[in-house]
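The numbering of the sequence shown is the working numbering, which starts it at 1095 and goes up by one.
Just so it is clear, CB atoms sit at the ideal spot from N, CA and C, and this is done for glycine as well.
No experiment lies behind these values; they were computed from the predicted model shown.
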Amino acid sequence: MKKVLLVGRQLVNVPPLNQLIKNVEYFAAANLADAQKVFEANNNAIDVVIMGAGIELEKRLEIVRYIFNTSHVTSVHMKDWITGPEGFVPFINHVLNGLLHSGDNAAA
């Protein structure tokens, strides 16, 4: 099961699971300290980080720097600003659909 860290400015909880892709373990973080705690609690075994656009750019870059210095297998996906907070759940699902199903077309 993939472990996915969702990072957002006001994200203290994972969005409702009935709105998200199934068979994934989700974690939430609102800042670098929260992200570090999630990585540490999971022995740095986070597969995917999906980040909203509400966090100030420099702080997002600090989080990305931490992730890439901590893990060589975690991918980071950053949402655009224009779709707003209501676009976060669809963005999460689009990213995960692409990642989880990318192998389906590889043999075709």
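Query                                                                                                                                                        : Result
With H, G and I counted as helix, E and B as strand and the rest as coil, what does DSSP make of residue 1140?                                               : coil
Could you check the C-alpha separation between residue 1178 and residue 1105 for me, to the nearest Å?                                                       : 14 Å
Can you give me the Cβ contacts of residue 1146 inside the same chain, cut-off strictly under 6 Å, excluding the 5 residues immediately before and after it? : 1102, 1173, 1182
Run through the stretch 1146–1183 for me and flag every whole alpha helix (DSSP H) of 4 or more residues, listed as ranges in chain order.                   : 1151–1164
Taking the straight line between their C-alpha atoms, what separation do you get for residue 1191 and residue 1149?                                          : 24 Å
Give me the Cα-Cα distance between residue 1163 and residue 1195, rounded to the nearest whole angstrom.                                                     : 27 Å
What does a CB cutoff of less than 7 Å around residue 1186 pick up in its chain, not counting 5 residues either side in sequence?                            : 1100, 1114, 1144
Between the alpha carbons of residue 1157 and residue 1188, how many angstroms are there, rounded?                                                           : 22 Å
Taking C-beta to C-beta, are residue 1169 and residue 1142 nearer than 8 Å?                                                                                  : yes
Could you give the DSSP three-state label for residue 1124: helix, strand or coil?                                                                           : coil
Which one or two residues does DSSP pair with residue 1096 in a beta bridge?                                                                                 : 1118
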